[in-house]
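Student: For reference, the structure I am asking about is given below.
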Amino acid sequence: MATTTRPYTPSRPRGAYSRGRPAGGIELWTWFFMRVSGIVLVFLVLGHFTIVHILGDGVDRVNFAFVSGRWSSPFWQTWDWAMLFLGLLHGANGMNIVIEDLVRRESARVALKSTLYMVTLILMLLGTLIILTFDPAKGHSAIVGRFVK
Amino acid sequence: MRAAPLHEHNALQGGRPLPLVPEKVGTVYRGGQGQWSWALHRITGVAVFLFLLAHIVDTALVGFGPELYNRVVHVYHNPIVRLMEIGLAMMVLFHALNGLRIMAIDFIPKAADRHKELFGVVIGLYLILAVPALYFMGRGFVRSL
Numbered sequence: 718m719a720t721t722t723r724p725y726t727p728s729r730p731r732g733a734y735s736r737g738r739p740a741g742g743i744e745l746w747t748w749f750f751m752r753v754s755g756i757v758l759v760f761l762v763l764g765h766f767t768i769v770h771i772l773g774d775g776v777d778r779v780n781f782a783f784v785s786g787r788w789s790s791p792f793w794q795t796w797d798w799a800m801l802f803l804g805l806l807h808g809a810n811g812m813n814i815v816i817e818d819l820v821r822r823e824s825a826r827v828a829l830k831s832t833l834y835m836v837t838l839i840l841m842l843l844g845t846l847i848i849l850t851f852d853p854a855k856g857h858s859a860i861v862g863r864f865v866k
Numbered sequence: 098m099r100a101a102p103l104h105e106h107n108a109l110q111g112g113r114p115l116p117l118v119p120e121k122v123g124t125v126y127r128g129g130q131g132q133w134s135w136a137l138h139r140i141t142g143v144a145v146f147l148f149l150l151a152h153i154v155d156t157a158l159v160g161f162g163p164e165l166y167n168r169v170v171h172v173y174h175n176p177i178v179r180l181m182e183i184g185l186a187m188m189v190l191f192h193a194l195n196g197l198r199i200m201a202i203d204f205i206p207k208a209a210d211r212h213k214e215l216f217g218v219v220i221g222l223y224l225i226l227a228v229p230a231l232y233f234m235g236r237g238f239v240r241s242l
């Protein structure tokens, strides 16, 4: 996966303008994942954007009460959690490809990728904790709630 | 075995032969809609990902209760941030529609031969969806001034 130089090898079965499907291994899995998560994210993200940022005066009405109301429903909790999870993985995988393409120096690539993976993992855990343990009655999530004055 | 020249290599794999452009061999830059959609897909993807990181952190503050979250989310009502929000919407929309085009090319054999027209469809759909989004978000921006 981590090759220092990537000679241009056209592996495109058909058109010349997409990253052709890799032959196998983890690259094939991430190739499929990008497409499957992508199609789900189109609906999740455009739906989220329409509802939260466009309808009903958009972000003007977004405050704690608004989010708390939404997260009282398991449906929106699941929606937001799926968006968090798929968005982070899709984005991290995309960044991984960009780093592979642009960063030639091994040490720089390792540093960037480690940072990327670490940030992705931390945000995934943080977001999961916040969304899934949010208690509208108490007005905060578990664990971090103890920091609330 | 002798390595097949670029144009043959692609033909061997069942694709249409690529045009012979020796000076461009070894790069992904071949011009046209393919190159521009590729570049835009990357730029919008990276930008949206960086925003996502910030957005997860600010939304996570909901877990810390109303006082902190309300103070922080107020940033989103600032006119300059609202302009950035509009830019974000435009980037997300392009990335989504162009992503669908990439999937069509990958999974539907006939779509690959029509990738230029498909890019036209992407631009058309983009305008159809971006104009109402711009209208509503623009209204919010004017209100925030």
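Chains as they are written, first to last, in this note's numbering: chain A, 718 to 866; chain B, 98 to 242. The beta-carbon is built from N, C-alpha and C at its ideal position, and this holds for glycine as well.
1) What are the start and end residues of each continuous alpha helix (DSSP H) run of 4 or more residues lying completely inside the segment 124-179 of chain B, in chain order?
2) Label A/Gly811 either buried or exposed according to how many other C-beta atoms from any shown protein chain fall within 10 Å of its C-beta, with 16 as the threshold for buried.
3) Using the beta-carbon count (16 or more within 10 Å), is B/Asn195 buried or exposed?
4) If you run the structure through DSSP and keep just helix, strand and coil, what is A/Asp777?
5) How many Å lie between A/Gly737 and B/Arg139 at the Cα?
6) Identify every residue that forms a DSSP beta bridge with A/His807.
7) Got a sec, what are the start and stop residues for the alpha helix (DSSP H) A/Ile848 sits in?
8) Ordered along the chain, which non-local residues of its own chain (more than five positions away) have a Cβ less than 6 Å from that of A/Met841?
9) How many Å lie between A/Ser790 and B/Ala193 at the Cα?
10) Taking the beta carbon of A/Thr726 as the centre, do at least 16 other beta carbons fall within 10 Å, making it buried, or is it exposed?
11) Evaluate contact between the segment 133-149 of chain B and the segment 172-190 of chain B, counting only Cβ atoms and requiring at least three cross-stretch pairs below 8 Å.
12) Compare the C-alpha of B/Gly129 against each of B/Phe216, B/Tyr173, B/Phe204, B/Arg236 and name the closest.
13) What does B/Ile153 reach in chain A if we use C-beta pairs closer than 8 Å?
14) Out of curiosity, what's the CA-to-CA distance linking A/Asn813 and A/Arg752?
15) Between the beta-carbon of B/Phe39 and the beta-carbon of A/Gly775, is there less than 8 Å?
16) For A/Asp852, which residues does DSSP report across the bridge?
17) Taking C-alpha atoms, which residue in B/Leu158, B/Ile177, B/Asp210, B/Arg198 lies nearest to B/Gly221?
18) Which value, in whole angstroms, describes the spacing of the CA atoms of A/His857 and B/Gln132?
19) Starting from the Cα of A/Thr845, find the closest Cα among A/Thr767, A/Ser785, A/Arg787, A/Gln794 and give me that residue.
20) Any idea what DSSP makes of B/Gly235, helix, strand or coil?
21) Would you mind telling me which residues of chain A sit closer than 9 Å to B/Glu182, beta carbon to beta carbon, in chain order?
22) Taking DSSP as the reference, what is the three-state secondary structure of B/Leu226?
23) Run through DSSP, which three-state label would A/Ala733 get?
Tutor: Working from what's here:
1) 129-157, 163-170
2) buried
3) buried
4) helix
5) 16 Å
6) DSSP, once it has assigned bridges, lists no residue as partnering A/His807.
7) 823-849
8) Leu805
9) 27 Å
10) The predicted model places A/Thr726 with a pLDDT of 46, which falls under 50 and marks its position as unreliable; any figure quoted below should be read in that light. By the 10 Å Cβ count, A/Thr726 comes out exposed.
11) yes
12) B/Phe216
13) Leu801, Leu805, Leu840, Leu843, Gly844
14) 15 Å
15) Examination of residue 39 of chain B is not possible in this model, given that chain B is present from 98 through 242 alone.
16) A/His857
17) B/Arg198
18) 47 Å
19) A/Gln794
20) helix
21) His770, Gly775, Val776
22) helix
23) Confidence is the limiting factor: at A/Ala733 the pLDDT is only 46, short of 50, which leaves the residue's position unreliable, though a coordinate-based value still follows. Coil.
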